[in-house]
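Shown next, in structure tokens, is the structure this report addresses.
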Amino acid sequence: MAEILKGAPVAKAITEELAVRAEKLRSRGTVPCLAIVRAGERGDDLAYEAAAIKRCEKIGIEVRPFRLEAGVDRQELLAVLEQIDRDAGIHGCLMFRPLPKHLEERRICQVLRPEKDVDCMTDCSLAGVFTGSGPGFAPCTAQSVIELLKHYKVELEGKRAVVIGRSLVIGKPVSMLLQGKNATVTMCHTKTRDMAKICRQAEILVVAAGHAGTVGPEFTNPDQIVVDVGINSLPDGRLTGDVDFAAVEPMVRAITPVPAGVGSVTTAVLCKHVIQAAERAAI
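Going by our numbering, the first residue of the sequence shown is number 1, and it counts up by one from there.
Below you can see the structure in the form of structure tokens.
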């Protein structure tokens, strides 16, 4: 049986560490603060917002919500982001995406300074992930993969890692973060030939394909650690990842569940980025 790498212990450990750092900031007169910008009321956004606020409360991070109508115009949204950018009391900003279709998301995302971009929505922040330097932060989900592997003491240096998926939200940034830990990384995608053969060679397999059941036992080996970043809704309402968990779990050394895996860590990583931003601003 594989070791099940659950996200809750990871999030708990991060939360406890951040609470100490938040108290230290407050004792020096800095109240760490996160702005949350939401246009409309998508169910997944509402759920993540509630989880983020709850996590912030545990740590001691103030939250300032900016809740806008789905029909908000470009100028009103830009004005909100510019207000957040100017406010020295706000250290990080989370804006839910995708934005409503009538808005120019790519251009709007560039308004925020990378110092406050705690979920990597600007090109400048993304460039920082690729160069390993700069004031921005990695996407929270991609960073959560690294935090989870770190918590479970998975050695990355010199390991063969395969990432399925090449999105700018997960696939590409998590590949760069793994390389930053000196793993040797191969990226697979929909045009990859013999994908199962390539994945069988991996010591660490990160799956962010965006489709349920993409990875079956033919992708695995007995010494492999599988990190499933996908989340999909089944017709009966249950959630599942991109990995066929029931078929793969007996075949590998360790695996993350869905739900209760990587997704459980993302709000803790969001808060970690806010604390880091506040600490930088307090210097």
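Ideal Cβ positions, reconstructed from N, Cα and C, are used throughout, including at glycine.
What are the boundary residues of the beta strand (DSSP E) that residue i is part of?
i: A35; result: 33 to 39
i: P65; result: 62 to 68
i: I225; result: 225 to 228
i: R160; result: 160 to 164
i: G92; result: 92 to 95
Going by C-alpha distance, which of the options is nearest residue i?
i: A22; options: R280, N182, I275; result: I275
i: V258; options: R97, L234, G43; result: L234
i: L112; options: L94, T184, A202; result: L94
i: T267; options: V10, F245, A254; result: V10
i: E82; options: K116, A51, K101, R55; result: K116
i: E218; options: D244, S27, A208; result: D244
i: Q224; options: V265, V163, L177, G263; result: V163
i: S27; options: G60, A8, A2, E16; result: G60
i: V63; options: G241, V229, G89; result: G89
i: L156; options: S167, S175, L239, P114; result: S175
i: T186; options: T240, G43, I14, A161; result: A161
Can you give the Cα-Cα distance for residue i and residue j, rounded to whole angstroms?
i: Y48; j: T141; result: 12 Å
i: D45; j: K6; result: 23 Å
i: R280; j: Y152; result: 28 Å
i: L25; j: G134; result: 22 Å
i: V227; j: I204; result: 8 Å
i: A35; j: R253; result: 40 Å
i: T30; j: M195; result: 49 Å
i: V145; j: A208; result: 11 Å
i: C199; j: T220; result: 7 Å
i: G237; j: G213; result: 16 Å
i: V248; j: L178; result: 23 Å
i: L77; j: P65; result: 13 Å
i: A183; j: K272; result: 24 Å
i: R106; j: A19; result: 34 Å
i: T122; j: C109; result: 6 Å
i: A278; j: A246; result: 42 Å
i: C124; j: M1; result: 43 Å
Can you have a look at residue i and say buried or exposed, based on whether 16 or more other CB atoms are within 10 angstroms of its CB?
i: A282; result: exposed
i: D119; result: buried
i: P222; result: exposed
i: V169; result: buried
i: G132; result: exposed
i: P98; result: exposed
i: H91; result: buried
i: D73; result: exposed
i: K54; result: exposed
i: R38; result: buried
Need the endpoints of the alpha helix (DSSP H) that residue i sits in, please.
i: R74; result: 74 to 86
i: V20; result: 8 to 27
i: I204; result: It is not in any alpha helix (DSSP H) - I204 instead sits in the beta strand (DSSP E) that spans 204 to 207.
i: L270; result: 266 to 282
i: L112; result: Run containing L112: none; DSSP gives neither H nor E here.
i: V215; result: Per DSSP, V215 belongs to no alpha helix (DSSP H) and is neither H nor E.
For this session: Any chance you could list the beta strand (DSSP E) runs of at least 3 consecutive residues sitting entirely within the region 139 to 196, in chain order?
Result: 160 to 164, 184 to 188
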